[in-house]
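A.B. asks:
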Amino acid sequence: MEKVTIVTGGSRGIGAATCLRLARDGHRVVVGYRSAAGAAHGVVDAVAALGGRAIAVRADTAVEDDVVELFDAAAERLGPVTGLVNNAGIASTLGRLADVKADELRRVMDVNVIGAFLCARQAARVMTRGGAIVNVSSTAATLGSPGNYIHYAASKAAVDALTLGLAKELAADGIRVNGVAPGFVDTEIHEQTGDPDRAANVVSRIPVGRLGTPDEIADAIAWLLSPAASYATGATLRVAGGL
């Protein structure tokens with residue numbers, strides 16, 4: 041069976057790196073995106089340059105109909121879905137919880153929690169034995185991010201709970217569910233915090249003394265999707281330079 045994997049938030053950062061990494065492993069890739077159409081199609085072109093197959097599909101993962109259409113497009117154009125990388129997520133303006141606006145709080149939860157659950161639910165509905173899901177979490181889930189974005193940390197803790205619970209629920213069906221928890225990675229997501237230099241400013245807190253790269257996270261995701269991780273389910277792999 042061909043490997044057909046959906047990568048949500050696949051147009052940039054960890055998502056884009058994952059699309060390319062999976063293409064090298066022989067996956068047919070669905071580049072899910074919400075607004076960055078040009079970047080998403082650029083990833084498709086990069087996959088094609090590697091000799092792989094990819095399509096770009098617009099979907100707001102917080103919208104149920106969009107998620108269903110994303111999976112339908114994947115099946116119709118590339119074949120039955122065998123993998124999901126639940127990567128789409130947003131950060132938030134840095135600050136104390138007391139100062140967070142309700143609409144910002146809801147949007148973070150809608151994308152990071154509801155979106156992840158909707159995509160995982162659809163994967164559970166369509167995948168057969170041998171399928172695999174990787175949820176992209178964050179070290180924030182266990183660090184709490186006080187003074188920065190507690191609500192973002194809480195949203196990623198929900199993703200960790202999803203990973204553990206769904207892994208147990210789908211184990212008898214032969215579908216594996218795991219997670220990856222990146223630390224500080226050099227991507228554009230930090231611009232959403234209102235402090236684009238934030239990642240560079242926290243290097244001193246990272247035991248290995250540097251930021252991670254999207255490719256390093258993509259390698260961990262690719263391993264969890266591969267047969268080499270056939271006995272791994274319900275695990276969240278921390279890829280955070282010692283944080």
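Those letters in the sequence shown? Residues 41 to 283, by the working numbering. C-beta: ideal position from N, C-alpha, C; glycine also.
1) DSSP three-state call for Gly222: helix, strand or coil?
2) If we ignore side chains and look at the alpha-carbon of each, how far apart do Leu110 and Gly55 end up?
3) Suppose contacts are defined by Cβ-Cβ distances below 7 Å. Is Ile257 in contact with Val243 by that definition?
4) Which residues in the same chain have their Cβ closer than 7 Å to the Cβ of Ala86, if we skip the five residues on either side of it in sequence?
5) Pairs of beta-carbons, one from the stretch 61-76 and one from the stretch 135-146, closer than 8 Å: are there three or more?
6) Would the C-beta of Gly170 count as close to the ligand MG, meaning under 6 Å from any of its heavy atoms?
7) In chain order, what residues of the same chain have a beta carbon less than 8 Å from the beta carbon of Leu206, not counting five sequence neighbours either side?
8) Under the rule that 16 or more other beta-carbon atoms within 10 Å means buried, what is Ala57, buried or exposed?
9) Count the other C-beta atoms from every protein chain shown that fall within 10 angstroms of the C-beta of Ala193, then say buried if there are 16 or more, exposed otherwise.
10) Can you give the beta carbon distance from Ala114 to Val44, rounded, assuming they're within the 8 Å contact cut?
11) Taking its Cβ as the centre, do 16 or more other Cβ atoms sit within 10 Å of Val248, making it buried, or is it exposed?
12) For Leu145, I'd like the list of residues in its chain whose CB is within less than 6 Å of its CB, leaving aside the five on either flank, ordered along the chain.
13) Between the C-alpha atoms of Gly123 and Arg64, what's the straight-line distance to the nearest angstrom?
14) Please name the residue, chosen from Asp143, Ala142, Val108 and Gly119, that lies closest to Leu158 on a Cα-to-Cα basis.
15) In the DSSP assignment, find the unbroken alpha helix (DSSP H) run with Arg98 in it and report its ends.
16) Going by beta carbon distance, what residues of the same chain come within less than 8 Å of Leu183, once the five residues before and after it are set aside?
17) Go ahead and pull the three-state DSSP assignment for Val174.
18) What are the start and end residues of the beta strand (DSSP E) that includes Asn126?
19) Classify Leu90: buried if its beta carbon has 16 or more other beta carbons within 10 angstroms, exposed otherwise.
C.D. replies: By the coordinates alone:
1) The question names Gly, yet the displayed sequence has Pro at residue 222. Strand, per DSSP.
2) Near 16 Å, if we compare the C-alpha coordinates of Gly55 and Leu110.
3) Against a cut-off of 7 Å, the Cβ pair of Val243 and Ile257 comes out as no contact.
4) Within the same chain, Ala86 has close Cβ partners Leu60.
5) These segments do not touch.
6) The ligand MG is absent from the structure shown, which contains no ligands of any kind.
7) Closer than 8 Å at Cβ, skipping near neighbours: Ala160, Ala164, Ile173 and Val217.
8) Counting every other CB atom within 10 Å of its CB across the protein chains shown gives Ala57 a total of 16 or more, marking it as buried.
9) Flag for Ala193 reads buried.
10) The pair is a contact, with the Cβ atoms about 6 Å apart (cut-off 8 Å).
11) Val248 is exposed by the Cβ-count criterion.
12) Result list for Leu145: His191, in chain order.
13) Between the alpha carbons of Gly123 and Arg64 lies a distance of about 15 Å.
14) With distances taken between Cα atoms, Leu158 lies closest to Val108.
15) Premise fails: Arg98 lies in the beta strand (DSSP E), Ala94 to Arg98, not in any alpha helix (DSSP H).
16) Excluding residues up to 5 positions away in sequence, Ala193 and Leu283 lie with their Cβ nearer than 8 Å to the Cβ of Leu183 in the same chain.
17) Look at Val174 here: in three-state DSSP terms it is strand.
18) Note, Asn126: beta strand (DSSP E), Gly123 to Asn126.
19) Flag for Leu90 reads exposed.
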